[in-house]
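Participant:
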Amino acid sequence: MKEFLTITFSPAMLPFTILLILVILYWIFTMIGAVGVDFLSFDFMDETADGAAEGMMEGGGGILQGLLSFLNVGAVPVTVVGSLTILQMWFLAFLYFAYVVPALSGFAPFLLLAAVGIGIALVCGLLLTGLTSRPFRNMFKVETQHGQHHLIGQVCIIKTSCVTESFGQAEVTTPGAPLLLSVFCDEENNLAKGDEAVIVGYNEARGIYHVKPMM
Numbered sequence: 280m281k282e283f284l285t286i287t288f289s290p291a292m293l294p295f296t297i298l299l300i301l302v303i304l305y306w307i308f309t310m311i312g313a314v315g316v317d318f319l320s321f322d323f324m325d326e327t328a329d330g331a332a333e334g335m336m337e338g339g340g341g342i343l344q345g346l347l348s349f350l351n352v353g354a355v356p357v358t359v360v361g362s363l364t365i366l367q368m369w370f371l372a373f374l375y376f377a378y379v380v381p382a383l384s385g386f387a388p389f390l391l392l393a394a395v396g397i398g399i400a401l402v403c404g405l406l407l408t409g410l411t412s413r414p415f416r417n418m419f420k421v422e423t424q425h426g427q428h429h430l431i432g433q434v435c436i437i438k439t440s441c442v443t444e445s446f447g448q449a450e451v452t453t454p455g456a457p458l459l460l461s462v463f464c465d466e467e468n469n470l471a472k473g474d475e476a477v478i479v480g481y482n483e484a485r486g487i488y489h490v491k492p493m494m
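Going by this note's numbering, the sequence shown runs without a break in its numbering and finishes at 494.
Structure representation (structure tokens):
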């Protein structure tokens with residue numbers, strides 16, 4: 280136990296350990312009902328999307344979009360994805376500093392070994408998260424549909440921090456699963472996450488709904 284604690288709270292492991300403690304506290308609060316599963320989903324997708332999504336649509340790189348898709352962000356709450364990532368990074372880092380560093384300590388400086396270990400934990404942790412978060416997709420499935428003209432006239436809730444001419448998401452409540460829609464607004468607006476908007480049309484060519492602020 281002493282060796283376990285020594286490694287866990289060593290300087291190189293400390294950042295991973297602090298993040299893991301925060302994850303554990305978060306899920307404790309979730310279990311007692313103090314916070315929800317989507318507590319930290321606020322603007323993670325929104326803020327990256329606001330600055331990056333339009334650039335991607337206009338020909339910018341799709342690296343960020345590809346990474347988020349690989350990690351199943353959006354299909355799985357960011358809190359779950361983040362928790363899996365931190366847990367797996369911590370576990371990989373612990374194994375590295377517990378077994379690999381002692382074995383190689385005579386061949387390379389500790390700082391170099393530590394830097395390599397942190398890099399391995401970060402990269403491999405993300406790769407493992409992409410795989411281990413996939414089974415959660417069905418647990419948190421939000422049905423996304425397009426072309427449903429009967430939705431025109433219904434009120435939706437904006438899920439992104441803004442809605443532009445080319446980007447936005449909104450949710451419509453239905454008797455079954457909620458529908459997550461891609462939306463746009465071709466006029467200046469102050470729509471933000473949590474605001475209500477009305478669906479006024481559907482652009483079949485773009486596969487996106489036209490919304491306007493509630494009067």
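We put the beta carbon where it would ideally sit given N, CA and C, even for glycine. On a predicted model such as this, the values are computed, not experimentally measured, just so you know.
With burial defined as no fewer than 16 other Cβ atoms inside 10 Å of the residue's Cβ, what is the status of glycine 385: buried or exposed?
Facilitator: Result: exposed.
Participant: By Cβ distance, which residues of its chain are closer than 6 Å to leucine 364, with the 5 residues on each side in sequence left out?
Facilitator: Here residue 364 turns out to be threonine, not leucine, going by the sequence shown. Here the set comprises Gly404, Thr408.
Participant: Could you tell me the alpha carbon to alpha carbon distance between alanine 377 and valine 302, rounded to whole angstroms?
Facilitator: Using only the alpha carbons, I get a separation of about 22 Å.
Participant: If you drop the 5 nearest sequence neighbours on each side, which residues of the same chain put their C-beta closer than 8 Å to that of glycine 470?
Facilitator: Sequence check: residue 470 is leucine here, not glycine. Result list for leucine 470: Ile437, Cys441, Val442, Gly447, Cys464, Ala476, Val490, Pro492, in chain order.
Participant: Go ahead and pull the three-state DSSP assignment for phenylalanine 415.
Facilitator: It is helical.
Participant: Let me check understanding here. Comparing Cα to Cα, which of Tyr481, Ala394, Leu406 lies closest to proline 290?
Facilitator: Residue Ala394 is the option with its Cα nearest to proline 290.
Participant: Would a C-beta distance cut-off of 9 Å place alanine 449 and tyrosine 488 closer than the cut-off?
Facilitator: Contact: yes.
Participant: Expressed to the nearest angstrom, what Euclidean distance is found between the alpha-carbon atoms of glutamine 433 and glutamate 444?
Facilitator: Those two C-alpha atoms are separated by around 20 Å.
Participant: Just checking my contact of glycine 353 with leucine 347 at CB under 8 Å: how many whole Å lie between their CB atoms?
Facilitator: Indeed they touch by this definition, with Cβ atoms about 7 Å apart.
Participant: With respect to the alpha helix (DSSP H) encompassing proline 454, which residues constitute its N-terminal and C-terminal limits?
Facilitator: Unbroken run through proline 454: none, as it is neither H nor E.
Participant: Count the other CB atoms, across all protein chains shown, that sit within 10 Å of the CB of methionine 418; report buried if there are 16 or more and exposed otherwise.
Facilitator: The residue is exposed, with fewer than 16 neighbouring Cβ atoms inside 10 Å.
Participant: Who are the near neighbours of valine 355 in its chain, counting only those whose CB is closer than 7 Å to its CB and skipping five residues on each side?
Facilitator: Here the set comprises Ser412, Phe415, Arg416, Phe419.
Participant: Comparing alpha-carbon positions, which option in Leu390, Leu284, Glu466 lies nearest valine 479?
Facilitator: Among Leu390, Leu284, Glu466, the Cα nearest to that of valine 479 belongs to Glu466.
Participant: Could you check what DSSP says for isoleucine 300 in three-state terms: helix, strand or coil?
Facilitator: If DSSP states are grouped into helix, strand and coil, isoleucine 300 belongs with the helices.
Participant: So, is isoleucine 342 buried or exposed, given that buried needs 16 or more other C-beta atoms within 10 angstroms?
Facilitator: The residue is exposed, with fewer than 16 neighbouring Cβ atoms inside 10 Å.
Participant: Thinking C-alpha only, which one of Val380, Gly473, Arg485, Trp306 is nearest valine 462?
Facilitator: Closest option to valine 462, Cα to Cα, is Arg485.
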